[in-house]
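**Q** Next up is a structure, given as structure tokens.
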Amino acid sequence: MGKYHDRINWKKELQLLPGYIIVCAWVALTAAILFWIVCASLSSTKEILTGRVMDFSNGLKWDNYVTAWNTQNVSLYFFNSLVYAVVSCVGVLLISAPGAYVLSRWKFVGGKAIRIGLVIAMSVPTIMIIMPLYSLAVQWGIKGRVLLVVLYIMLRVPYTTIYLLDFFSSLSRSYEEAAYIDGCSHSRTFWQIMLPLVQPAIITVTIFNFMSVWNEFFMALIFTTSDSMTPVGVGLLQIVNAMKYSGQYGAMFAAVIIVFMPTFLLYLFLSEKIIVGATSGGVKG
Numbered sequence: 044m045g046k047y048h049d050r051i052n053w054k055k056e057l058q059l060l061p062g063y064i065i066v067c068a069w070v071a072l073t074a075a076i077l078f079w080i081v082c083a084s085l086s087s088t089k090e091i092l093t094g095r096v097m098d099f100s101n102g103l104k105w106d107n108y109v110t111a112w113n114t115q116n117v118s119l120y121f122f123n124s125l126v127y128a129v130v131s132c133v134g135v136l137l138i139s140a141p142g143a144y145v146l147s148r149w150k151f152v153g154g155k156a157i158r159i160g161l162v163i164a165m166s167v168p169t170i171m172i173i174m175p176l177y178s179l180a181v182q183w184g185i186k187g188r189v190l191l192v193v194l195y196i197m198l199r200v201p202y203t204t205i206y207l208l209d210f211f212s213s214l215s216r217s218y219e220e221a222a223y224i225d226g227c228s229h230s231r232t233f234w235q236i237m238l239p240l241v242q243p244a245i246i247t248v249t250i251f252n253f254m255s256v257w258n259e260f261f262m263a264l265i266f267t268t269s270d271s272m273t274p275v276g277v278g279l280l281q282i283v284n285a286m287k288y289s290g291q292y293g294a295m296f297a298a299v300i301i302v303f304m305p306t307f308l309l310y311l312f313l314s315e316k317i318i319v320g321a322t323s324g325g326v327k328g
């Protein structure tokens, strides 16, 4: 019997082998590209153009990071994106978490229509609504950071609400019954009891939202009207264009690493919570 099971397991592993090979090849290629960019960020322009980014014969060019941070306005772009991402994530949770809780725990007239509307909103490509939103913003005279933050929140609310629905649905109603017996109101029960129970999902969806806002490009390109409100995506484009005249390619790659670090650190330190939050919603309480 044991030999039979071993043979079955061996066949399953053999069937999965092509997938493992593809994943390993993709990881290796990604790691090689990132390693090259890191080396380029520590090299001079001459070394980059001559293909000697791993030579370092003249030492590591740490001043590329100083140049990128100060001269290339990366510090300003970084701060703008950080403000957009943090404020947007908080705003999305304040809207989506209570909405998902109500939709998942109570049945009321229009609840199903709201769910369908959220799914439809998720299916609409952002590029299709950019120009109508821009036209309305011009007509109403709305501009600045507030407009961009509001748009980011609006675009992430449908996804976040649908994501949290299943997690709230999986919670046992005994928590709420015990809270009501103790005299808790519906709002207090939600904020103090139910919301902490879906913490893994909150962390996971917040990371996804943070990365979506941090890496967003097209909307920022359309709605940013000055360098003072430019995020990192559009800022990198401006840095690349400036390289045609300044020739500071080492600083350009240093800027790429600086912009890449926040999302990399999030994955590095919160990867386990992301996995838990992505897989625990299907377990019923």
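Residue numbers (our numbering): 44 to 328. Just so it is clear, CB atoms sit at the ideal spot from N, CA and C, and this is done for glycine as well. As the structure is a computational prediction, the values presented were derived from the model and not from experiment.
1. What separation, rounded to the nearest whole angstrom, lies between the Cα atoms of residue 78 and residue 251?
2. Quick test of the definition: if touching needs 3 or more C-beta pairs under 8 Å, does the stretch 90 to 103 touch the stretch 219 to 233?
3. Please report the distance separating the alpha-carbon of residue 271 from that of residue 278.
4. Does the beta-carbon of residue 61 have 16 or more other beta-carbons within 10 angstroms, so that it is buried, or is it exposed?
5. So residue 113 is in the alpha helix (DSSP H); what residue range does that whole segment cover?
6. Return the residue from the list 248, 183, 185 and 178 that minimises the CA-CA distance to residue 209.
7. Please decide whether residue 118 counts as near chain D, where near means a Cβ-Cβ distance under 8 Å.
8. Rounded to the nearest angstrom, what separates residue 150 and residue 216 at their Cα positions?
9. Determine whether the beta carbon atoms of residue 107 and residue 92 lie at a separation below 8 Å.
10. Which value, in whole angstroms, describes the spacing of the CA atoms of residue 219 and residue 141?
11. So, for residue 211: in the same chain, excluding its five sequence neighbours on each side, which residues have a beta-carbon less than 6 Å away from its beta-carbon?
12. Note down the Cα distance separating residue 274 from residue 192, rounded to an integer number of angstroms.
13. For a test of the three-state rule: what should DSSP assign to residue 82, helix, strand or coil?
14. Which parts of the stretch 260 to 317 are runs of the beta strand (DSSP E), unbroken and 3 residues or longer, counting only runs that do not cross its ends?
15. May I ask which residues mark the beginning and end of the alpha helix (DSSP H) holding residue 199?
16. Please report the straight-line C-alpha distance between residue 200 and residue 194, rounded to a whole angstrom.
17. Looking at residue 139: is its Cβ nearer than 8 Å to the Cβ of residue 73?
18. Just the C-alpha distance for residue 241 and residue 97, rounded to the nearest angstrom, thanks.
19. State the Cα-Cα distance for the pair residue 126 and residue 113, rounded to the nearest angstrom.
**A** This is what the structure holds:
1. 24 Å
2. no
3. 10 Å
4. exposed
5. It is not in any alpha helix (DSSP H) - residue 113 carries neither H nor E in the DSSP assignment.
6. 248
7. Structure shown: chain D not included; a single protein chain is present.
8. 14 Å
9. no
10. 15 Å
11. 143, 144 and 147
12. 12 Å
13. helix
14. none
15. 188 to 212
16. 10 Å
17. no
18. 46 Å
19. 19 Å
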